[in-house]
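Residues are numbered in this note's numbering as their position in the sequence shown, beginning at 1, plus a constant of 1217.
What follows is a set of notes on a single structure, which appears directly below.
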Amino acid sequence: MKPKVPTLDSVTTINEDGSRYFLHPADVRGFWTRWRRVVGYGLLILFFALPHVRVGGEPAIFLDLGGRKFHFFGMTLMFQDLWLLFFLITGVGFGLFFVTAIVGRVWCGWTCPQTVFLDHVVRRIERLLEGDAPSRRRLDEMPWTVGKIVRRGVKHVLFFVFAWVVAHTFVSYFVSAPVLWGMMWRSPAENWGLFLFVVGMSVALYVDFAWFREQFCIVLCPYGRFQSALVDENTIVVGYDERRGEPRGKPGSVTGDCIDCRRCVQVCPTGIDIRHGLQMECIGCEACIDACDEVMERLGRPKGLIRHDSLSRFAGREWKFFRPRVYLYLFFAVVGMVAFVVAIGNVKPVTLFVTRMQGAPYIRDGGMIRNQFLVRLGNKKGEMEKYWVRVKGEVEGLVASGVTSGGIELRRGEEIVEPLVLIVPDEAFRGNFAVEVEVVDGDGKVVQKREVPFLGPYRSGGKK
Ligand code: SF4
Ligand code: SF4
């Protein structure tokens, strides 16, 4: 089958009858391909290594949903600190908007997991087993011989193994690698939910790697759709210099610099022709830049017929770096990140919650008034710590027992729930009053405190 010619009227990868046209992007070499590969392998190493790297005794990134705590490079956040993520997501989100407004879809071309997995692993495996693009196309059209079955079989097994490893690595960010390893050797019946999730994710990734591929970027990814709203004519994008390239034609004839060799189309992983202008399917992978530069080099013409530039400059107009949207995105990105850093700097090393026990608000018994609470205490510091809980209230004869009766040793990320019982002699009680519950560390420093009301019967002249 001859390679399809991309048009602006329909997606290359869908045939007229609605069936899938399977792309086989040609090999490409060059500056951008090399550096994308370096970044891609770096990201793959990070993704697979982080659950195994320990910082302060915990995995570098561990989103412990079961334990309701999150570890980030030595810092522990409890579930209650999740509000901090609002600032982080705002900062990162607007940071991504800012970057996209300046340099287009670098996220898609360089760092998106879909691109990284496909370009630097999946297509590499395919290239190794089935050869270059024309060989792969020939193999597609060949009848099913033993050789084809073996080659295709090995390829699909490797795709599934890779999908399985990615799914397990992803899950290890949530249950930790040692726990996941332990689960893998036990019956799935002990962890049905997680088992089915991993199986489902492995199958979904396998289908993506083996078949869906660029369709994810073209028809599924919402970020691809955002692009038209974030990119304007001053954004630096991958584009074709029409004024230099047209009219296209064979070398030797009096034409522009484009010789219509279609190398830029053959290498495109989404099957578009960048000479038709910026299109939503372009993921900014720069393969067409390297392909065209190679052609220009061979012809002895200047590189850069396809290059990074703004649509305004491609059209011969002035390029404006600073536009209102750039300031706006940058402003919100900086506000989000600064707010996150300030908030994280103020996170207390200890969590403390004091809640009244269910039932009567107070109990009168043997000339005493009793209030009962539950104290939830958690250690977010990087090491084993001992804490003491103290109470202060301006009423004579206030006695505390329960959690206050001794020091409490807590590992990092550990939380305990203990009762706190406060007793006041009936005759000393003049009305409701505030009790301060404090947590003191080994140096005698108050690291966290909460105020709770001590309740009792109404006394005339006292507080209700
Ligand atoms: S690779 Fe360059 S010269 Fe060849 S068709 Fe594309 S733009 Fe024209
Ligand atoms: S047009 Fe160029 S940059 Fe865009 S996806 Fe295709 S090869 Fe990559």
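Where a beta carbon is used, it is the ideal one built from N, C-alpha and C, also for glycine.
Should residue i go down as buried or exposed, given a rule of 16 or more other Cβ atoms within 10 Å for buried?
i, result
"residue 1431", "buried"
"residue 1662", "exposed"
"residue 1406", "exposed"
"residue 1362", "exposed"
"residue 1588", "buried"
"residue 1651", "exposed"
"residue 1170", "Limits of the chain in this structure are 1218 at one end and 1681 at the other, which puts residue 1170 out of reach."
"residue 1507", "buried"
"residue 1249", "buried"
"residue 1336", "buried"
"residue 1327", "buried"
"residue 1397", "buried"
"residue 1194", "In the structure as shown, the chain starts at 1218 and stops at 1681, and residue 1194 therefore has no counterpart that could be examined."
"residue 1572", "exposed"
"residue 1498", "buried"
"residue 1281", "buried"
State yes or no: is the C-beta of residue i nearer than 8 Å to some heavy atom of ligand 1?
i, result
"residue 1350", "no"
"residue 1475", "yes"
"residue 1478", "yes"
"residue 1499", "no"
"residue 1243", "no"
"residue 1489", "no"
"residue 1225", "no"
"residue 1522", "yes"
"residue 1508", "yes"
"residue 1338", "no"
"residue 1513", "yes"
"residue 1460", "no"
"residue 1246", "no"
"residue 1440", "no"
"residue 1457", "yes"
"residue 1540", "no"
"residue 1271", "no"
"residue 1465", "yes"
"residue 1251", "no"
Would you say residue i touches ligand 2, meaning its beta carbon is less than 8 Å from a heavy atom?
i, result
"residue 1453", "no"
"residue 1435", "no"
"residue 1503", "yes"
"residue 1555", "no"
"residue 1326", "yes"
"residue 1486", "yes"
"residue 1481", "yes"
Find the nearest neighbour of residue i within the set the options, judged by alpha-carbon distance.
i, options, result
"residue 1474", "1501, 1509 and 1261", "1509"
"residue 1603", "1325, 1631 and 1442", "1631"
"residue 1628", "1613, 1597, 1534 and 1618", "1597"
"residue 1275", "1394, 1567 and 1574", "1394"
"residue 1390", "1595, 1303, 1268 and 1463", "1268"
"residue 1413", "1425, 1438, 1385 and 1672", "1385"
"residue 1575", "1566, 1565 and 1591", "1591"
"residue 1546", "1647, 1281, 1392 and 1313", "1313"
"residue 1691", "1621, 1271 and 1495", "In the structure as shown, the chain begins at 1218 and stops at 1681. Residue 1691 is therefore absent and cannot be evaluated."
"residue 1373", "1324, 1354, 1340 and 1316", "1340"
"residue 1232", "1488, 1450, 1553 and 1533", "1488"
"residue 1554", "1377, 1378, 1454 and 1310", "1310"
"residue 1459", "1424, 1490 and 1452", "1490"
"residue 1645", "1620, 1281, 1377 and 1614", "1614"
"residue 1450", "1500, 1376 and 1320", "1320"
"residue 1480", "1503, 1608, 1548 and 1532", "1503"
Could you check how far apart the C-beta atoms of residue i and residue j are, in whole angstroms? I think they sit under 8 Å.
i, j, result
"residue 1640", "residue 1594", "The Cβ separation is near 21 Å, so there is no contact."
"residue 1567", "residue 1664", "5 Å"
"residue 1483", "residue 1220", "7 Å"
"residue 1671", "residue 1610", "6 Å"
"residue 1426", "residue 1334", "7 Å"
"residue 1424", "residue 1379", "No, residue 1424 and residue 1379 are not in contact; Cβ-Cβ is about 13 Å, not under 8 Å."
Note to self: Whether or not the region 1556-1568 and the region 1577-1588 are in contact is what I'm after, with contact meaning three or more pairs of Cβ atoms, one per stretch, closer than 8 Å; do they touch?
What the structure shows: Contact between the region 1577-1588 and the region 1556-1568 is absent, with fewer than three C-beta pairs closer than 8 Å.
Item checked: Given 8 Å, three or more beta-carbon pairs between the region 1538-1545 and the region 1282-1289 -> Fewer than three Cβ pairs drawn from the region 1538-1545 and the region 1282-1289 lie within less than 8 Å of each other, which leaves the two stretches out of contact.
Next item on the list: Would you be able to state if there are at least three C-beta pairs under 8 Å between the region 1346-1359 and the region 1221-1235?
Entry: Contact check between the region 1221-1235 and the region 1346-1359: fewer than three CB pairs, one atom from each, fall below 8 Å, which does not count as touching.
Notebook entry, point to check: Can you find at least 3 beta carbon pairs, one from the region 1230-1243 and one from the region 1335-1354, that sit closer than 8 Å?
Noted result: Inter-segment contact for the region 1230-1243 and the region 1335-1354 is present: three or more beta-carbon pairs are separated by less than 8 Å.
Margin query: Quick check: the region 1414-1424 against the region 1373-1388, are at least 3 beta-carbon pairs closer than 8 Å?
Written below: Counting Cβ pairs under 8 Å, three or more are found: they touch.
Notebook entry, point to check: Is the region 1453-1468 touching the region 1522-1535 in the sense that three or more CB pairs, one from each, lie closer than 8 Å?
Noted result: Yes, the region 1522-1535 touches the region 1453-1468.
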